[in-house]
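The structure appears right after this line, and notes come after that.
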Amino acid sequence: MAWSAVASAVTTIGKLLTDEAVYLWGVEKQVDRLQTKLKWMQSLLLEADVKQHDDERIRLLVAEIRELAYDAEDVIEDFALRIGSKKKAGLSGCIKRSACLLKDGWTLHETRSKIEEIFEKILDLLGRLQVYGVKGLRDGDGSSSFIAKQELRRPYPHIIDQNYVERNDGDIEKLVSELVEGTQFKVVSIWGMGGLGKTTLAKKLYHHSRVTSRFEHRAFVFVSQQFQTRKVWKDILSDLGKLGENDGKLTDVALASKLFNLLKDEKCLVTLDDVWSSEAWDRLKPAFPVARGIHSNSKILLTSRNKEIVSQTDASVYLYELPILNDEESWELFQKIAFPSDSTDKTVDGEIKEFRQDKGKRRADDTVDGEIKELGQDKGRQCADDTVDDKKKKLGQDNGKRRVDDTVDDKKKELGKDEGKQCADDKKKELGKVMVEQCGGLPLAIILLGGILANKSSLDEWQKVSENVKSYLNRSKVQGQGTREVLALSYDDLPAHLRSCFLYLSHFPEDYQIEAERLIQLWVAEGIVSSTEEGDGEWGVAEDVAENYLMELAERCMIQVRDRDVVTSKVETIQMHDLIRDLCLSKAKEENFVFIVDESNAFSLSTIRKVRRVSMHELFETKYIRCPNLRSLSFFNKRHLRELFEVETPSACTKSPFSRLHCFWDILAAYISFLKARGFWVHIFINLKLIRVLNYEGRKTYADCKLIGDIGNLIHLRFLSLVGIVFRSTKLPSSLGNLRCLQTLDLQIREKDIHVPDVIWRMEELRHLYLPYCCDDKTKLRLDTLRKLLTLVNFKTKNCYLKDLSNMTKLRELLIQGPFEIEDFNEELDNNPPIIRSKYLHTLYIFSERIDIRHLTCLLSSCVSICKLTIRAVISKLPEHLSSNLAYIRLENCKLQEDPMPTLEKLPNLRFLKFVRKPFIGKQMCCSAQGFPKLESLSLCDLKMLEQWKVDKGAMPCLRQLEIENCEKLKMLPDELRFITTLQELETKKMPKEFHDKVVQGGQDSDEVQDIWSYSRTYKRRYTTNSEGGDRSSIWI
């Protein structure tokens, strides 16, 4: 979007003006004027963005502003990097300037002319924006179309949607209990993405019998994005039946006071539907006692698309995230709408069963009565009664069954269940299940789809809808709005800085699991997240800002969090709901944010000139990219690169595969393939010189050429990732040193003996460095200048200087790969200089075959702030002193000879401990009393020599999960585990049957186990109390 483009330009220009003023020699005044105008334009864009939906002229102007901002940033930065940097190069720079004086003079003149041209265009655009009424956003301003949409969405509490499907977790009863019985929480917040049914659920709760009997007065008020605080308060009083005739004359303070006292003294339920922001809550809360911590019998129920609406400091809040529907729930909802007349058909089997029971029994009884009369003439009453039972059985099996079956057939005919209709219905249900899957569990989409199909009776019509479900969903509407419009409200509500972050997600393919760390690096490299906040202690570095933006997108339900860090709960991977992704793609296309290359549009790329970002979902030759101003090029291809370079073999060669012609063709084809492969990269390195991001995340592939030196032309590059590409030469070009703006460099190439030239020290802006897995013996890298480095992966003492680590004072994550040796090591540990000086280092990985315990002790003694430690190396024992901040430890293939528990149990903050793949080769482990005070999860895997595990009473008081795998000599669990009341889950894998028998107490189990060494099971703990009300005991089930 334009705001982001202007913000990026302002940030880059500002950084050059303040930190690198010498780079702008000769154009300082012009650049300063330009930045001032860009800042003014940035403020106007907030209003223009709101109004562009109603005015096509404003939308076109916004697009022009976006392109101008990009041009301004490119022109100024290009001058600074190519010409201005020579002013800072000392004597060598003077020599270069003297040799290129005329050329530099012409470049200076050309740059001034370009800046003046951009400046004049900005003045013109500012004037035109003001003519169209864009003069600065004021509170309460909004587009007419937005206000109309808001009115369409207004819910009415007396209208209850009967199509709500209760989740498997029993959401209604759970929330009713919290409203009626709960005393801890005074505010209940239902949050989730648009279209999930939050309002419908709130209505269900509002009218629930237990709720109506509990609260004397109830109010249901629609808030939405644009609201008047006073009107909301009046609506609440009106619904509660307490709005007086003269209350309209009360001041805001008096009105809030009246509502405040009413909620404090009486039992009231106030439902605030569709609250969008914490600012909205801040405006409303003066009238709510719960927001002041004052005792009240009233409660507040609110719905929102945002998790963090009510601050925990304001009130105790019960947060309920309304989940998407699972497959079963989705199908149940779809059937309610798509098959409204099919309820009779669905109950045929039930009716038949009931008919068999009732009708059959009645007819059998009638026949029995007749037989009773006959028997009564010959025998006594008692005899008749005795015979009745026999007759009932016989008649029930013969006459009754036959007559009932005849009646069942009639019943089937009456209900119209002929074979042809059944076949069509079955086919519809098959299509329906496929289409429902495309709704992604979103109730609104399912309701729309069901409504479409309910009016289509023929199978052909269903087939037509199934071929393009999403198109039908976007065209269909409920209360004047379809899924796109409802979800777009969440996008419209995003602050300007989050919109660009959201639109950037359009780069990634469907169902792609996006790594949060990589996404954040891309945001920073693109300038979408500004690094100007780094001076603000509240935010930290730009990555911290980006991480907060990512969390906000998650809390606004714009992304789905898949994995979190077990220690910090930070987001690790995310995905997008299919319908949210469709919205993202649509908005990105409107904003010309990115061009997605796939099979449908690949050839149209050559006709586009103004695109700034290209994302390759399908492979396509780069020569068709004719966008000299391209900033970002990403690859997510599933095919091999080599497929682009293949040359078709002529038929004449295939007929005689061993002929001279065929041999000649093989040589020629290999040469042509090489030229095509080389041309693929040459076009990028020569013609796309303004590119900032070159990201390869596609399929691992062979490049069929070496990485050519022309890559050094990409001096604007901030992000370079070549993961998965195997180049023909293992020697990387020294021209990489020209990439001085690089912030992220990923060279994790899995080929052996990669040679990296000693030029990385020149990249002083580097923040994330990923070295190759295996470098050759000639590689020796100087890294002491990388003072901004946050992440360093695959550091090797063989290929790098250990002392350089001490200069990386901002380092947060370090992965040491290969042999770790300290030169000039002093046996007196205190006499060795600290290896790590960064107080921010929180994660350390050590991957090596073997490491000297003395060197390891020296390394860990300087890592005082780490909270995560992984060691995959053979060591004789653990160092005695470890950081007290450690919360996560993973020991893998360590082959420890001494019991590590006495050392580990002393760590006061350790919460997660994993032993994996021969971590310990001793026979006994002991956990003493009061040890592991905060341990929550313990994994014992592949301790094949372990015979006995002792746990003293009082150890591990917080343990919740225990995993034991492939510990073949361990015969039983420690009996003392029964004292750990927090332990609720035990998972066993590949354990002997006798171990399992002792776990379940008594050895009886119905499962048949063929291979006793592959037995796996997850146990849940159940507590029991003896019949006399004595002590509780627990069993594993």
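With this note's numbering, the residue at position 575 of the sequence shown is 564, and numbering never jumps.
Every residue, glycine too, gets a C-beta built ideally from N, C-alpha and C.
In this text, all values refer to a predicted model and were calculated from it rather than measured experimentally.
C-alpha distance - residue i paired with residue j, whole-angstrom precision
i, j, result
"Leu935", "Leu462", "60 angstroms"
"Asp747", "Pro432", "57 angstroms"
"Cys947", "Leu924", "6 angstroms"
"Ser134", "Leu34", "At Ser134 the pLDDT is 49, less than 50, meaning the model places this residue with poor confidence; the figure from the coordinates comes in the next sentence. Their Cα atoms are separated by approximately 18 angstroms."
"Asp699", "Ser718", "15 angstroms"
"Leu314", "Asn295", "19 angstroms"
"Asp655", "Asp765", "33 angstroms"
"Leu772", "Gly920", "41 angstroms"
"Arg826", "Leu880", "24 angstroms"
"Thr0", "Gly183", "34 angstroms"
"Trp1002", "Asp964", "For Trp1002, the predicted model reports a pLDDT of 39, less than 50, meaning its position is unreliable; a value from the coordinates is still stated below. The alpha-carbon atoms of Trp1002 and Asp964 are separated by roughly 23 angstroms."
"Gln214", "Trp265", "6 angstroms"
"Leu511", "Val518", "9 angstroms"
"Leu478", "Val212", "14 angstroms"
"Ser917", "Lys942", "8 angstroms"
"Asn702", "Ile441", "55 angstroms"
Close-in-space but distant-in-sequence residues of the same chain around residue i (CB under 7 angstroms, 5 per side omitted)
i, result
"Val636", "Ala658, Ile661 and Ser662"
"Arg553", "Lys559, Val560 and Glu561"
"Leu896", "Leu871, Ser873 and Leu875"
"Glu310", "Trp180 and Gly181"
"Val306", "Phe174, Val176, Ser178 and Val299"
"Ile597", "Phe584 and Cys616"
Cβ distance (whole Å) where residue i is taken to contact residue j below 8 angstroms
i, j, result
"Asp742", "Val712", "Not really, about 18 angstroms apart at Cβ, beyond 8 angstroms."
"Thr832", "Leu867", "Actually they do not touch by this definition, with Cβ atoms about 18 angstroms apart."
"His496", "Ser575", "Not a contact, Cβ separation roughly 15 angstroms."
"Leu778", "Leu755", "6 angstroms"
"Leu494", "Cys573", "6 angstroms"
"Ile842", "Ile864", "6 angstroms"
"Val200", "Leu261", "The Cβ separation is near 15 angstroms, so there is no contact."
"Val715", "Ile680", "Not a contact, Cβ separation roughly 22 angstroms."
"Val454", "Trp320", "At roughly 17 angstroms, the Cβ-Cβ gap does not stay under 8 angstroms, so Val454 and Trp320 are not in contact."
"Ile326", "Ile436", "6 angstroms"
"Ile673", "Thr611", "6 angstroms"
Opening and closing residue of the alpha helix (DSSP H) in which residue i lies
i, result
"Thr859", "Run containing Thr859: none in the alpha helix (DSSP H); it sits in the beta strand (DSSP E), Lys857 to Val863."
"Leu902", "No alpha helix (DSSP H) holds Leu902; the beta strand (DSSP E) holding it covers Phe901 to Val905."
"Leu261", "Here Leu261 belongs to no alpha helix (DSSP H); instead the beta strand (DSSP E) covers Cys257 to Asp262."
"Cys847", "Ile842 to Ser850"
"Ala577", "Asp567 to Glu579"
"Asp1048", "This structure does not reach residue 1048, given that the chain is present from -10 up to 1026, and the question cannot be answered."
"Glu317", "Asp316 to Ala327"
Extent of the continuous beta strand (DSSP E) to which residue i belongs
i, result
"Gln806", "Glu802 to Gln806"
"Ser455", "Where Ser455 is concerned, there is no enclosing beta strand (DSSP E), although the alpha helix (DSSP H) it sits in stretches over Leu448 to Glu456."
"Gln549", "Gln549 to Arg553"
"Phe708", "Phe708 to Ser710"
"Cys930", "Ser926 to Cys930"
"Gln564", "Val560 to Gln564"
"Met605", "Arg602 to Met605"
"Leu833", "Thr832 to Arg839"
Residues near residue i in its chain [Cβ-Cβ closer than 8 angstroms; skip 5 each side]
i, result
"Asn821", "Ile811, Phe814, Asn815 and Cys847"
"Pro1027", "Here the chain has residues from -10 to 1026 only, and residue 1027 is not among them."
"Lys26", "Phe108, Ile111, Leu112 and Leu115"
In DSSP terms, what residue i is bridged to
i, result
"Tyr877", "Lys857 and Phe901"
"Phe211", "Asp262"
"Lys939", "Cys915"
"Tyr762", "Per DSSP, none; premise fails for Tyr762."
"Cys789", "Leu770"
"Thr292", "Ile179"
"His284", "Per DSSP, none; premise fails for His284."
Contacting residues, own chain, Cβ-Cβ under 6 angstroms from residue i (five flanking each side not counted)
i, result
"Leu725", "Val748"
"Leu677", "Leu619"
"Phe909", "Leu885 and Leu932"
Contact with chain D by residue i, beta-carbon distance below 7 angstroms
i, result
"Ser589", "Judged by its chain identifiers, the structure shown contains no chain D, having just a single protein chain."
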